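Participant: Next up is a structure, given as structure tokens.
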């Protein structure tokens with residue numbers, strides 16, 4: 043069966059929705075995740091500290107962390123200045139976000155969707171000239187907490203625009219967990235991404251992944267412990283938990299290359315570092331192979 047690629051996003055997307063933790067704790071979490079066998083990690087975000095104070099020490103976190111040569115690391119950026127910082131820090135996989143919903147884009151980036159698309163068109167050659175790639179993440183692809191349903195044709199139009207401008211990869215973000223298997227099928231029948239990012243806000247995260255798998259998607263974001271959410275969208279709690287995805291896929295005979303025990307340990311570390319219980323059921327109960335008396 044086709045191997046599945048998971049990108050671990052707890053160090054960035056996970057931590058950005060929590061109270062800030064110290065730099066050393068962020069490094070400890072990033073290093074632990076780098077040792078789980080996960081092939082890709084979204085490590086930091088280069089944003090203005092007033093916008094996302096949780097990422098104010100991104101340069102220091104990256105400089106102090108272990109860079110496993112078997113892991114592809116990426117950074118999220120909001121604009122040209124962020125791209126310049128990411129490139130200077132040696133990142134060669136860069137992500138930028140634009141929302142399918144204009145209202146969410148204004149809340150998140152203080153500009154319209156069209157203005158963001160114009161900025162991305164100028165970012166692409168800058169990134170390419172530095173020998174890096176740019177992934178465009180289309181947030182609120184499955185619905186917006188301010189505007190409601192998002193027409194798949196609008197998402198398709200954004201994808202057509204950024205692909206024409208030279209974007210290397212496309213991801214769809216389920217920013218507030220509004221996706222359901224039906225809506226996954228509706229959107230993916232209109233336009234295909236390279237990667238999907240689901241939240242489990244309403245308990246449909248794993249079902250959405252299974253639906254996308256049936257439709258041929260093989261790359262997904264996930265966050266250890268279910269850590270994270272979007273600070274600019276009400277109710278956007280709970281990325282789908284990496285260990286829950288891995289636990290399900292391994293039992294289906296689908297290879298991820300990830301050591302589930304080490305991943306659960308990393309999720310437990312994340313829980314200790316942020317000081318609250320995380321929503322992951324596999325973190326609570328352990329894998330189905332863990333029998334009573336073997337804890």
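Numbering (this note's numbering), first residue to last: 43 to 337. Just so it is clear, CB atoms sit at the ideal spot from N, CA and C, and this is done for glycine as well. Fair warning: this is a prediction, and the values are worked out from it, not measured in the lab.
1. What did DSSP end up calling residue 338 once you bin it into helix, strand or coil?
2. What distance in whole Å lies between the Cβ atoms of residue 72 and residue 107, which are believed to be in contact at a cut-off of 8 Å?
3. From what residue to what residue does the alpha helix (DSSP H) around residue 87 run?
4. What are the residues that DSSP puts in a beta bridge with residue 177?
5. Would you list, in sequence order, the uninterrupted beta strand (DSSP E) runs of no fewer than 3 residues that lie entirely inside the segment 251–325?
6. Counting beta carbon pairs with one atom in the segment 78–86 and one in the segment 297–314, are three or more of them shorter than 8 Å?
7. Specify, as a first and last residue, the run of the beta strand (DSSP E) that residue 330 falls within.
8. Checking the sheet assignment: what are the DSSP bridge partners for residue 116?
9. Going by DSSP in three states, residue 231 sits in which element: helix, strand or coil?
10. Mapping DSSP to helix, strand and coil, what is residue 239?
11. By how many angstroms is the C-alpha of residue 84 removed from the C-alpha of residue 202?
12. Hey, is the segment 168–179 in contact with the segment 130–142, meaning 3+ C-beta pairs nearer than 8 Å?
13. What are the start and end residues of the beta strand (DSSP E) that includes residue 183?
14. Under 6 Å Cβ to Cβ from residue 181, same chain only, skipping five residues before and after it: list those, please.
15. In the DSSP assignment, what are the bridge partners of residue 75?
16. Helix, strand or coil, according to DSSP, for residue 190 in the structure here?
Facilitator: According to the data block:
1. Past the boundaries of the shown model lies residue 338; the chain is included only from 43 to 337, so the question cannot be answered.
2. Translated into the one-based positions of the chain shown, residue 107 becomes position 65. Translated into the one-based positions of the chain shown, residue 72 becomes position 30. At roughly 5 Å, the Cβ-Cβ gap stays under 8 Å, so residue 107 and residue 72 are in contact.
3. Locating residue 87 in the chain shown gives position 45, counting from the first residue. From DSSP, residue 87 is part of no alpha helix (DSSP H) but of the beta strand (DSSP E) over 82–87.
4. The count along the chain shown starts at 1 and reaches residue 177 at position 135. Per DSSP, 137 and 211.
5. 261–264
6. yes
7. In the chain shown, residue 330 corresponds to position 288, counting from 1. Taken as a continuous stretch (DSSP letters only), residue 330 belongs to no beta strand (DSSP E), as it is neither H nor E.
8. Along the chain shown, read from residue 1 onward, the residue named residue 116 stands at position 74. For residue 116, which the question treats as bridged, DSSP gives the partners 84.
9. Residue numbering aside, residue 231 sits at position 189 when the chain shown is read from its first letter. Helix.
10. Looking up residue 239 in the chain shown gives position 197. Residue 239 falls in the strand class under three-state DSSP.
11. Counting from one through the chain shown, the residue named residue 202 turns up at place 160. Counting from one through the chain shown, the residue named residue 84 turns up at place 42. Each residue's Cα considered, the two are about 25 Å apart.
12. yes
13. Numbered from its first residue, the chain shown carries residue 183 at position 141. Segment: none, residue 183 is in no beta strand (DSSP E) and carries neither H nor E.
14. Reading the chain shown from its first residue, position 139 is the one you call residue 181. So the list reads 139, 141, 215 and 217, once near-sequence residues are dropped.
15. For the purposes of this step, residue 75 is taken as the residue at position 33 of the chain shown. Beta-bridge pairing links residue 75 to no other residue.
16. Here residue 190 is taken as the residue at index 148 of the chain shown, counted from 1. Strand.
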